[in-house]
Amino acid sequence: MESTWIKLGKKVKRLAKATLFPTQKAHISYVRRIERVKTSEKVCAMTFDDGPMDLPAAPDQFGGQALTDVLLDTLRDFGSKGVFDVVGDTSENYPDACGAPGTPTWGGTAFDHYPEFGQDHMGGAEHCPRLIQRILSEGHQITNHGYRHIIFGKKPYVYGKRQYQGNLDAVVQDMEKLHSLLKDRHGYTMTMTRPPHYVDNIDGTFTSYDACALMDYQYLAASFDGQGWLPAKTGDVQQMEVKEMVEPLRRALEQDQDFFCGQIIFQKDGYNMALRTPVAFGLRQHLELLAKAGYRVVTVQDLLELSPFADVGADDPDFDHLKELQRAHAIVYSDNTLRLDEPMSRGELAMLLAPRDATVGTRIRKLRQGDKNFAHPYSGALHWCVEQHLLPPSVSPDTPLQPADLRKASDFFLSTVTGTSRRDVLRKAKL
């Protein structure tokens with residue numbers, strides 16, 4: 001089956017990427033990649049990418065209803081809330097050539113075109129204000145998937161011919177265009193983004209985390225693939241695609257009823273690679289299985305309000321304090337962990353103490369000026385702390401925290417900090 005080859009290809013790609021381009025080390029950041037959170041409650045979230053779509057499901061068994069309407073009707077039937085990770089308008093992405101159905105370039109070779117090649121005017125927030133308004137009026141969340149859905153930087157695997165932004169200002173301008181559209185037309189402020197195709201590197205200096213920081217966004221990821229984007233090729237393809245959506249979720253629940261606690265499930269608000277919409281049928285079965293297991297499906301925003309962290313839940317004695325602290329301070333790693341038992345470094349202390357503009361604004365301004373001394377994620381915060389005489393000059397960001405550093409920064413804490421672990425320091429930090 002075609003989807004099997006695609007899955008195998010993705011595994012090979014991940015292996016090659018991990019070998020040739022190791023994942024960047026997680027660091028303390030205002031921007032966190034939200035994949036799942038730690039909670040013992042049976043609550044999870046679902047995200048729907050690439051819509052809204054004002055074309056019918058394929059095959060159409062809903063009387064010509066727009067696919068997004070079908071998804072919203074299904075969510076309403078279960079009292080569930082979704083996250084719609086929308087695009088603005090892909091009709092500007094021409095001239096282009098359409099790739100073969102069933103391949104990653106099904107919607108375009110140089111760019112993506114949603115809902116399909118030549119039908120851009122039937123999708124996206126620009127062309128579908130009715131669908132956007134319905135999403136909002138029914139209590140769902142909307143996030144930013146890029147106005148034109150152009151990848152941030154080069155992606156040699158699969159999308160070697162794809163045009164990319166390659167510039168931080170271009171990335172931010174594209175996101176701002178969609179952000180302004182939602183705010184001006186619908187009075188809605190987005191707080192999260194999912195970079196197109198999860199491409200993080202922009203130009204070798206800046207990444208998606210820098211773009212998110214400038215937009216004051218969190219990075220929306222997912223921990224479980226609903227698989228509605230995958231095509232099947234043999235047999236009854238429509239039934240097979242729905243089955244391939246449903247069976248992994250069913251098996252996961254059979255093995256562990258608590259498996260989806262705090263997870264974020266990826267779905268597609270649009271055609272799969274073969275121009276079919278298994279999500280129109282598989283979503284109902286997903287929700288039936290989750291409801292039978294006792295789950296509530298909520299927005300990611302509500303999920304984060306319940307439990308913001310990937311490794312610390314409500315049963316932790318410092319949870320309430322840390323939950324409030326993270327609202328205004330950079331205390332969490334970019335992978336959304338707190339790692340409370342690890343020793344704190346001087347760079348991490350600087351991130352806790354420095355104001356956001358120094359941490360984000362100063363660093364990006366210096367890098368734009370070509371100052372490579374600000375390449376480290378903590379460099380802006382360290383620069384500010386040195387200026388305030390809170391840390392010694394030329395301090396390494398990874399140097400272990402010293403008790404003397406805490407004494408100099410005593411005004412930032414509720415009382416004397418007696419240890420240097422991350423928990424010791426954070427539990428005494430002022431809100």
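Under the UniProt record's numbering, the sequence shown has 318 at position 318, and the numbering climbs by one with no breaks.
Each residue gets a CB set at the ideal place from its N, CA and C atoms; glycine is no exception.
Computed from a prediction, not measured in an experiment: that's the story for all the values here.
| Item | Value |
| --- | --- |
| Please identify the residue among Pro231, Asp236 and Met245 whose C-alpha is closest to the C-alpha of Asp225. | Met245 |
| Given that a residue counts as buried once 16 or more other Cβ atoms are within 10 Å of its Cβ, and exposed if not, what is Lys430? | exposed |
| With distance defined between alpha-carbon atoms, name the residue in Pro403, Glu348, His389 and Pro392 nearest to His376. | Glu348 |
| Between which two residues does the beta strand (DSSP E) harbouring residue 438 extend? | Residue coverage of the chain in this structure runs from 1 to 431, which leaves residue 438 outside it and unanswerable. |
| Between the C-alpha atoms of Gly313 and Asp335, what's the straight-line distance to the nearest angstrom? | 15 angstroms |
| Would you mind listing the alpha helix (DSSP H) stretches within the region 281-309 that are 4+ residues and don't spill past its ends, in chain order? | 300-306 |
| Mind checking which residues open and close the beta strand (DSSP E) that includes Met46? | Val43 to Asp49 |
| Within the region 42-102, note down every full alpha helix (DSSP H) run reaching 4 residues or more, in order along the chain. | 67-77 |
| Within a Cβ cutoff of 8 angstroms, which residues of the same chain sit near His197, ignoring the five residues on either side of it in sequence? | Ile151, Lys155 and Tyr159 |
| Please check the pair His149 and Val83, which I expect to be a contact at CB under 8 angstroms, by giving their CB distance rounded to whole angstroms. | About 17 angstroms separates the two Cβ atoms, so there is no contact after all. |
| Between the C-alpha atoms of Asp315 and Gly282, what's the straight-line distance to the nearest angstrom? | 35 angstroms |
| According to DSSP, Phe266 sits in a beta bridge with which residue or residues? | Thr47 and Asp225 |
| Do Gly294 and Lys81 have their beta-carbon atoms positioned less than 9 angstroms apart in this structure? | no |
| Could you tell me which of His113, Leu72 and His329 sits nearest to Phe412, measuring between CA atoms? | His329 |
| Relative to the C-alpha of Pro52, which candidate in His127, Glu247, Gln402 and Pro59 has its C-alpha closest? | His127 |
| Using the three-state DSSP reduction, which class does Met215 fall into: helix, strand or coil? | helix |
| Would Lys243 pass as a contact of Ala274 if the rule is Cβ separation under 9 angstroms? | no |
| For Asp54, I'd like the list of residues in its chain whose CB is within less than 6 angstroms of its CB, leaving aside the five on either flank, ordered along the chain. | Ala66, Met122 and Cys128 |
| Comparing C-alpha positions only, which one of Gln218, Asp96 and Glu247 sits nearest to Phe111? | Asp96 |
| Short check: CB of residue 432 to CB of Asp69, under 9 angstroms? | Missing from the structure shown is residue 432; the chain here goes from 1 to 431 and no further. |
| Using the three-state DSSP reduction, which class does Asn373 fall into: helix, strand or coil? | helix |
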